[in-house]
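Heads up: the structure comes next, in structure tokens.
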């Protein structure tokens with residue numbers, strides 16, 4: 091979230107990432123902040139802003155559908171998974187783009203993405 095065109099080459103970039111690890115030693119859903127030019131290994135140790143209320147130490151499961159809902163304003167991010175609130179984070183957020191990424195799973199599918207005002 092807050093991603094801007096050119097952020098992959100912008101030393102001053104700041105954007106939010108929702109990261110869900112399945113590996114036992116890092117399992118769980120986290121809201122993290124990326125600062126600067128992203129490097130692959132940076133994704134392994136990002137500063138955590140918040141840990142999910144219910145899924146904070148739960149790994150995602152293969153072949154399972156998860157429905158995410160994001161509500162974002164200039165000072166609040168709310169994220170639900172399968173209808174259950176996981177994050178209600180307050181801060182200051184610039185306008186930007188929402189993007190999906192996957193850096194470890196070959197069969198990840200992002201679908202049914204809608205924008206509602």
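Residue numbers (my numbering): 91 to 207. No residue lacks a Cβ here, since even glycine has one placed at the ideal position from N, Cα and C.
Contact under 9 Å by Cβ, residue i with residue j
{"i": "residue 162", "j": "residue 183", "result": "yes"}
{"i": "residue 119", "j": "residue 127", "result": "no"}
{"i": "residue 166", "j": "residue 185", "result": "no"}
{"i": "residue 143", "j": "residue 174", "result": "yes"}
Through-space distance from residue j to residue i, alpha-carbon basis
{"i": "residue 189", "j": "residue 147", "result": "24 Å"}
{"i": "residue 172", "j": "residue 157", "result": "5 Å"}
{"i": "residue 137", "j": "residue 103", "result": "14 Å"}
{"i": "residue 123", "j": "residue 164", "result": "16 Å"}
{"i": "residue 107", "j": "residue 139", "result": "10 Å"}
{"i": "residue 220", "j": "residue 169", "result": "As displayed, the chain neither begins before 91 nor continues past 207, which places residue 220 out of reach and without an answer."}
Contact test: residue i Cβ vs the ligand NAD heavy atom, cutoff 8 Å
{"i": "residue 141", "result": "Annotation note on the ligand NAD: not contained in the displayed structure, which lists no ligands."}
Per DSSP, cross-strand counterpart(s) of residue i
{"i": "residue 156", "result": "Residue 156 is not bridged to any residue."}
{"i": "residue 110", "result": "119"}
{"i": "residue 169", "result": "160 and 177"}
Buried or exposed by the 16-neighbour rule on C-beta atoms within 10 Å, applied to residue i
{"i": "residue 203", "result": "exposed"}
{"i": "residue 192", "result": "exposed"}
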